[in-house]
Structures are given as structure tokens and as C-alpha cells.
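Asker:
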Amino acid sequence: MNNKIELKSINELFGMNFYIPAYQRGYRWNFQQVKDLLEDIQEFIVKKKEGFYCIQPLVVKRSIPDGKINDFKTGLYKICNTVSEKLLVDETEKLIFENTQWEVIDGQQRLTTIYILLQILDDKNKYAIEYQTRQDSKSFLDNIDKTKKEENIDYFHIAEAKNTIEDWFKEKGEQDKLEFLETLLKDVQFIWYESVDEDPIKVFTRLNIGKISLTNAELIKALFLNKSNFGGSYQRVRLQQNEIAIEWDQIEYTLQSDEFWLFLHKPNYDKPTRIDFIFDIICEKNILKLTDEQRKNLGSDDYRTFRYFYKWFKLQENLNIAECWKEVKTIYQTLQEWYNDIKLYHYIGYLIEQGTAISSILDKWNEPNNTIEKFISEYLFNEIKNKIAYSIDLDKQYDVNGCPKTQCRPLLLLHNIQTVIKQNQTLVETEKYKLAVFYKFPFHLFKKEVWNVEHIDSNTENGLENDKVQKEWLSSCLIAGVSKEIESKIRNFLNNKTDDNQNNFEELRLAIVSTENKNKLENSDKNKLWNFTLLDESTNKSYGNAIFSAKRRVILGKDQGEKIIVDNDYEIKISKSGSAFIPPCTKNVFLKYYNPLTNNLREWDKTDAEAYEKNIKDTLQIFLN
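Here the sequence shown is numbered in my numbering, starting from 762 and rising by one per residue.
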């Protein structure tokens, strides 16, 4: 079940029984804290408009004490047998209310201070506060005897709080006191947070080690669902509340999908509710149109957004919840539209991954007389061109003259994304696949890894000088296929090591190279775009400065969740292993996809590089012009 959040006035607490459990410390508010509360309420009275003064959360958990269970059962039986169907719900709710005990998880200090305040203002109706381990404190709280304040620390702070309140009211007239009491009862409201199906001690622990469980969204939900916002009968109010609550849950459910969420965000978002970010956008962009003066004291902490909405609710003379909620739904529906459109999804997802703020994209999206086609061609395309400005020269040399290879990362990522778009376009042009979405670039997988720009053919020449690397290279030659004569020489070498091993290997290597590849990529060509691709950090570390064939084996294995090794007989052995997302263009590189005429899977040569570069040019033509 979801935790319940709403606003409750002090009036609505009357008749409730609150219970302070043993894990709570006693009352500890000092002079300044009590005085701050009084002056805050007084300031609200002076500046009073329509609205209410909001006290921070009262976190509770409902229970029926053991001693009242039988009374509850008896009362329920009586209702079921004597009350008409029309009154059944109301009478049952009344019975539950009378027998419920509320365990206070957080907010004890504020609750106790208001209790003392009500005593001093001589209000006869109050709520009750009981203590699990300090039972005498209840009696003392009900009849504060200042002569006993030194008996224990709880008595001391309760008595001091009473002194502070009495001193503060000394200069006030009777009319001032009455006005204060009236405001306190009706316009001072707790954020009421009922914890459902949670261990109260765990909730208390989270609250008191700084991991506040209440997010801006949860607090704002209390503002939206406050029953005073809705007119009409009980049933109508409940219907309106449920409508917003259901839509709220639908939005949160969608945002909890990583596939949707990580299209828009980085993976390090740590709030338990994700709808918060929609409210953050509304606050940041001031969609509710508060004045600069009204926004001046919102603060810059984690609860700035809540204060923004609280201020708006407070200022409304004729509160229109539907209009405010409509702004939330509009942003959500816009995000859905982006996600469901193949071009919007990829281009907006790309820009967000490159650091463009969602709010700035929304600004352009909401411009008057805008269309999707205009938005894509005039805004998205221009923004994308700006992102690849440093890598648009495909002949540029990276990792030299102060030009880091990371500069070409935006272009390599765009190549992957535009490749996916073109695949979809090609398919939908065929009648059979007209309405299908073949594949979407998985931003949710991409963002969960650290991606580096890496050489396809190692920048540092691998001299093939040690035994392990020589075996790897020769094994790859066997797997790729060579002439029978060369195959025999390779096997003889692998099975009969001699003292003159290096010379023998070099002779064999030259024999293979001279017959197989005359288009080796020169060192001067290895720092151009045609020799770079995107690889996740863990995959790259797994092979280091390996030869192309070894890289290929590792990458294809990870893509399939397999570990591909060459055994002692120089045969391929495959076992299950961890998988990793491999971007489509990276996979294509190691499949030699761009050079369909190649018969050499051991090396990345110039013909491969040229074919790869041509594909980049062709795929990104609309952005390179």
C-alpha cells in the first residue's frame, strides 16, 4: 500500500490519541525553537491572506491498542447489526477513529509544543499524548507543575517551553490571544504523513540520520489532495481526490521504468519518487507565474520546490486545482510524446546525454506556431550540429597537438543513433513493417556504463614479442583460415618451441602478412576518426593493447553473454559469461560490417577504415553539410 499524505489542521487532531514510543527521545525543544514557532504563526496572522500556515511533517502509524481490540470488535458488531446501510460507512469510520492510536514516528516536538500552547490559551478540546516508557510525563504534561521541573529532563524542557509561551503572550491583549487561537486551530496545518506497512523504527532511523523519506513530490501531494480544495459532497470530494491520485500513480509508474527515465536523465538520481522532477521544472520555469517578490524567500535547499507550490496554494483566492494539475500532466504528456516518436526520442535523447537541459528543450517545444517538423529541422538539427562542431573534420588527427580523442565522442555517439534511425526508416518503407519500430537506441543501457573513445587498431604498435600474444595472433590466423601450407607451419610452431623462437615467429608472421594483407593501417593513420569507436570501460580494460582479433573475440563474446577462448588445441571454446551492451556501430566495426568484401578478420586495415569512414559520412550527411 502507498503511504498516505494530506494536510490536517490542529482542529482535526482533536480527539486523537498519540503515542510516543520508547525509541523516541523525550521533549527537547529549547527557548529559541519555541519562540520561532510562535513568531512564525504571528507573522502569518499579520500578513494573512487566503491559505494556511504549514507545519513540517507529522509522521505517524495507525494501530489499535491491545486494550481496545475487544471494544472495537464489540462496537463493529453493534454497528453492523443496528445501523442502516446509508450510515454504515460513517459510523464505521467514527468507530475506527475513536479506537485508533497514532504512533508518532517524527514530529513529537512540534506536537508537544502545540499541546502546551493550547493549554495556555485555555482551549478545552485537545488531543491526547501518551508515552510508552515515561508514563508520568503524560500527567505532568496535562498539569505542568514548574516546581517539579528539576525531577527529570523531560519535565525541565516542558516547563521551560511553558515559561517561554507565557512570557511571549504577556504583552498580548485578550483579542490578540483569541485571534492567535483561532488561527492556530483553523489555519495551522500539519503535513500528515501516515506510514503504511512499514516498520516504524526503520522510518524513524531514516528520518534521524538525514535520509528524509519525504520528497518534494510527497509533500506537494498533500497540498493537492487536501480535502478543503474540493467542494461538494463527501463522495464527490473522494472522487476528485481519487482521480488525481490515480493519474499521479500512473505518471510515477511510467517514470519508474528505467527505459523511459534514462532517456531523460542520468542514472544517479537518488530520490525514491521520480515525479519530483516535473515539479522541479514547474518551479524552475515558474510556470505558475509567481512574482519575483513571492519567489524571493523560497531558499535553495532540497525543499525549494515544495515551498514554491505551498506559496502558490497559499496565495490563491479562488483555488483551481484542476488548472494546476493540468500543468503537471502537460509536461508528462510532452515527455511521452518525445519518447514515442522515433526521431524525437533519438535526437532529444542525444542532446540530453550531451548536456542540454530538458527545460531549454521544453522552451523551444512550446514556442508559438511550432510544428514537429519545424522543431526537428530548425532546433534539434542546429543543436546537434553545435555538439559535433569539434569533430566535423573527419581527417582531424586526435591525441596529438593538444586535441584529445574525447572530442570525437559526440560524433561517434551520433553515428550510432543516426544508424538506428536509418534502420527504422528503411524498414518502414517496406509495407510489411510500415507501423513497426524496429529498434530504439537503448539510452538506459548506454548511460549505465562509462564510455571511452578507443582505438580499433591499437595506437601503440603491438610487437607480438611475447609468447602469449604470439599464440593469440597465430590462433586467430588458424580460426580465420589460411592456406594448408601456412596452417601446417603455424601448428608446427605452436607445438614445437625452439630457442630461436622469435626469429622463427617473425619469419612465419611475414609469410602470413605478405600473402594476406597489403593494406596495413600505418601509424600516421591510427589517430583519425576511422580508427576510433565507443567502448565501455570494463570491456576495454579486459583486453588492453590487444591485437584486433583478440579485441573482436572479447567484444563479440560480451555482446552474446559468452566467453570465447582458444583452448590448448587451438580450437574455439565457448562458455557462459557476463554480457555488456555494445553500441551498434561498435559491433559493426568488429564484425567488419562496413567492408563486406573483406576476407581478413585478423586485422583492421585501411580498406576497413575507409569503408567505416564512408559510412559515417553517408549516415551523418545531414549534419556534416
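Note that the Cβ used here is the ideal one computed from N, Cα and C, for glycine as well.
Just so we're clear, the structure is a prediction, and the values are computed from it rather than from any experiment.
Closest to TYR788 by C-alpha separation, out of PHE1207, ASN913, ASN1081, LYS796, would be which residue?
Answerer: Locating residue 788 in the sequence shown gives position 27, counting from the first residue. Nearest of PHE1207, ASN913, ASN1081, LYS796 to TYR788, Cα basis: ASN913.
Asker: Can you tell me where the beta strand (DSSP E) holding ARG823 begins and where it ends?
Answerer: Residue mapping note: residue 823 aligns to position 62 of the sequence shown, counting from 1. ARG823 -> beta strand (DSSP E) spans 814-824.
Asker: Output the distance between the C-alpha atoms of LYS834 and PRO782, rounded to the nearest integer angstrom.
Answerer: Taking the first residue of the sequence shown as 1, we reach residue 834 at position 73. Taking the first residue of the sequence shown as 1, we reach residue 782 at position 21. Unreliable placement is indicated for LYS834, whose pLDDT of 49 sits below 50; the coordinate value is still reported in the next sentence. So the alpha carbons of these two residues sit roughly 25 Å apart.
Asker: Judging by CA-CA distance, which residue of VAL807, GLY868, ILE802 is the nearest neighbour of ARG786?
Answerer: Indexing the sequence shown from 1 puts residue 786 at position 25. Cα-wise, what sits closest to ARG786 is GLY868.
Asker: Pull up the distance between the alpha-carbon of VAL1214 and that of GLN870, whole angstroms please.
Answerer: Reading the sequence shown from its first residue, position 453 is the one you call residue 1214. Reading the sequence shown from its first residue, position 109 is the one you call residue 870. Each residue's alpha carbon lies about 56 Å from the other.
Asker: Measuring CA to CA, which of TYR876, LEU1175, GLN950, ASN1162 is closest to ILE919?
Answerer: Here the question's residue 919 lines up with position 158 in the sequence shown. Looking at the Cα atoms, TYR876 is the closest of the given residues.
Asker: Would you list the one or two residues that DSSP bridges to TYR1030?
Answerer: Within the sequence shown, residue 1030 is the residue found at index 269, counting from 1. DSSP output for TYR1030 lists no bridge partner at all.
Asker: Count the other CB atoms, across all protein chains shown, that sit within 10 Å of the CB of VAL820; report buried if there are 16 or more and exposed otherwise.
Answerer: Sequence index remark: in the sequence shown, residue 820 carries index 59 (1-based). So VAL820 ends up on the buried side.
Asker: Nearest-angstrom Cα distance between ILE973 and ILE766?
Answerer: Taking the sequence shown and counting its residues from 1, one reaches residue 973 at position 212. Taking the sequence shown and counting its residues from 1, one reaches residue 766 at position 5. At ILE973 the pLDDT is 44, less than 50, meaning the model places this residue with poor confidence; the figure from the coordinates comes in the next sentence. Computed Cα separation, rounded: 15 Å.
Asker: Is THR861 helix, strand or coil by DSSP?
Answerer: Within the sequence shown, numbered from 1, the residue matching residue 861 stands at position 100. Note: THR861 maps to coil in three-state DSSP.
Asker: Name, in chain order, the residues that DSSP records as bridge partners for GLN953.
Answerer: For the purposes of this step, residue 953 is taken as residue 192 along the sequence shown, with counting starting at 1. Rather than Gln, the amino acid found at residue 953 in this sequence is Trp. GLU767, LEU819, per the DSSP bridge assignment.
Asker: According to DSSP, which residues form a beta bridge with ASP867?
Answerer: Along the sequence shown, read from residue 1 onward, the residue named residue 867 stands at position 106. The partner list for ASP867 (beta bridge, DSSP) reads VAL820.
Asker: For PHE901 and LYS923, I'd like the C-alpha separation in whole angstroms.
Answerer: Here the question's residue 901 lines up with position 140 in the sequence shown. Here the question's residue 923 lines up with position 162 in the sequence shown. Taking the straight line joining both Cα atoms gives about 12 Å.
Asker: Quick one: complete beta strand (DSSP E) runs, 3+ long, within the segment 1157-1212?
Answerer: As far as the segment 1157-1212 is concerned, it has no whole beta strand (DSSP E) run of at least 3 residues.
Asker: What residues match up with GLU1298 in a beta bridge as DSSP calls it?
Answerer: What you label residue 1298 is simply residue 537 of the sequence shown in a count that begins at 1. DSSP, once it has assigned bridges, lists no residue as partnering GLU1298.
Asker: For ASN1227, which three-state DSSP category applies?
Answerer: Translated into the one-based positions of the sequence shown, residue 1227 becomes position 466. Note: ASN1227 maps to coil in three-state DSSP.
Asker: With a cut-off of 8 Å on the beta carbons, I'd call ASP1037 and ASN987 a contact; round off their distance for me.
Answerer: Indexing the sequence shown from 1 puts residue 1037 at position 276. Indexing the sequence shown from 1 puts residue 987 at position 226. Between ASN987 and ASP1037 the Cβ distance is about 19 Å, and since that is not below 8 Å, they are no contact.
Asker: Does DSSP put ILE973 in a helix, a strand or coil?
Answerer: Here residue 973 refers to the residue found at position 212 when the sequence shown is read from its first residue. Per-residue confidence for ILE973 stands at a pLDDT of 44, beneath the threshold of 50, marking its modelled position as unreliable; the derived number appears in the next sentence. In this structure, ILE973 counts as coil in the three-state DSSP scheme.
Asker: Using DSSP bridges, identify the partner residues of ILE890.
Answerer: Walking along the sequence shown from the start, residue 890 turns up at place 129. DSSP, once it has assigned bridges, lists PHE779 as partnering ILE890.
Asker: Please return the same chain residues whose Cβ sits closer than 7 Å to the Cβ of TRP1022, not counting the five positions on each side in sequence.
Answerer: As a position in the sequence shown, residue 1022 is number 261, starting the count at 1. Closer than 7 Å at the Cβ level, and outside the excluded window around TRP1022, lie LEU1016, ARG1035.
Asker: With 16 as the cutoff for other CB atoms within 10 Å, does SER956 come out buried or exposed?
Answerer: As a first step, residue 956 must be located in the sequence shown, where it is residue number 195. Buried, since its Cβ has 16 or more Cβ neighbours within 10 Å.
Asker: Excluding the 5 residues flanking GLN1055 on each side, which residues of the same chain have their C-beta closer than 8 Å to its C-beta?
Answerer: Start at 1 with the first residue of the sequence shown, and residue 1055 comes out as number 294. Closer than 8 Å at Cβ, skipping near neighbours: LYS1072, LEU1076.
Asker: In whole angstroms, what separates the C-alpha of GLU1084 from that of LYS1057?
Answerer: As a position in the sequence shown, residue 1084 is number 323, starting the count at 1. As a position in the sequence shown, residue 1057 is number 296, starting the count at 1. The alpha-carbon atoms of GLU1084 and LYS1057 are separated by roughly 24 Å.
Asker: I'd like the list of long-range same chain contacts for THR1095, defined as Cβ closer than 6 Å, with 5 residues on each side in sequence excluded.
Answerer: As a working note, residue 1095 is residue 334 in the sequence shown. Closer than 6 Å at the Cβ level, and outside the excluded window around THR1095, lies no residue.
Asker: Do you know offhand how far ASN1292's Cα is from LEU1174's?
Answerer: As a first step, residue 1292 is located in the sequence shown; it is residue number 531 there, counting from the start. As a first step, residue 1174 is located in the sequence shown; it is residue number 413 there, counting from the start. Between ASN1292 and LEU1174, the C-alpha separation is close to 15 Å.
Asker: Are the beta-carbon atoms of PHE1112 and GLU1144 separated by less than 8 Å?
Answerer: Residue mapping note: residue 1112 aligns to position 351 of the sequence shown, counting from 1. Residue mapping note: residue 1144 aligns to position 383 of the sequence shown, counting from 1. A small fix is needed here, since residue 1112 is Leu in this sequence, not Phe. Yes; because the gap between Cβ atoms is below 8 Å, this pair is in contact.
Asker: So what does DSSP say about PHE1384, is it helix, strand or coil?
Answerer: Working through the sequence shown from its first residue, we reach residue 1384 at position 623. PHE1384: helix per DSSP, three-state reduction.
Asker: Using the Cα positions of ILE1092 and SER1120, report the straight-line distance between them to the nearest angstrom.
Answerer: The count along the sequence shown starts at 1 and reaches residue 1092 at position 331. The count along the sequence shown starts at 1 and reaches residue 1120 at position 359. Using only the alpha carbons, I get a separation of about 10 Å.
Asker: When the distance is taken between beta carbons, is LYS947 closer than 8 Å to ASN1079?
Answerer: As a first step, residue 1079 must be located in the sequence shown, where it is residue number 318. As a first step, residue 947 must be located in the sequence shown, where it is residue number 186. Cβ atoms of ASN1079 and LYS947: not closer than 8 Å.
Asker: Tell whether a beta-carbon distance below 8 Å holds between LYS885 and GLU891.
Answerer: Here residue 885 corresponds to residue number 124 of the sequence shown, with the count starting at 1. Here residue 891 corresponds to residue number 130 of the sequence shown, with the count starting at 1. The answer is no: Cβ separation not under 8 Å.
Asker: Going by DSSP in three states, PHE1309 sits in which element: helix, strand or coil?
Answerer: As a position in the sequence shown, residue 1309 is number 548, starting the count at 1. If DSSP states are grouped into helix, strand and coil, PHE1309 belongs with the helices.
Asker: When you compare only the Cα positions, how much space is there between PHE1309 and GLU1364?
Answerer: For the purposes of this step, residue 1309 is identified with residue 548 of the sequence shown, where counting begins at 1. For the purposes of this step, residue 1364 is identified with residue 603 of the sequence shown, where counting begins at 1. Distance between the alpha carbons of PHE1309 and GLU1364 is about 5 Å.
Asker: Using the rule of at least 16 other Cβ atoms within 10 Å of the residue's Cβ for burial, across every protein chain shown, is ASP1053 buried or exposed?
Answerer: Here residue 1053 is taken as the residue at index 292 of the sequence shown, counted from 1. With fewer than 16 other Cβ atoms within 10 Å, it is exposed.
Asker: Take the Cβ of ALA1150 as the centre, count every other Cβ of all protein chains shown within 10 Å, and call the residue buried at 16 or more, exposed below.
Answerer: Counting from 1 along the sequence shown, the entry for residue 1150 is found at position 389. ALA1150 should be labelled exposed.
Asker: Suppose contacts are defined by Cβ-Cβ distances below 8 Å. Is THR1359 in contact with HIS1176 by that definition?
Answerer: Your numbering for residue 1359 matches position 598 in the sequence shown. Your numbering for residue 1176 matches position 415 in the sequence shown. It is not a contact, given that the beta carbons lie outside the stated cut-off.
Asker: So, with DSSP's three-state summary, where would you put VAL991?
Answerer: Here residue 991 is taken as the residue at index 230 of the sequence shown, counted from 1. Reading off the sequence, residue 991 comes out as Phe, not Val. Reduced to three states, the DSSP call for PHE991 is coil.
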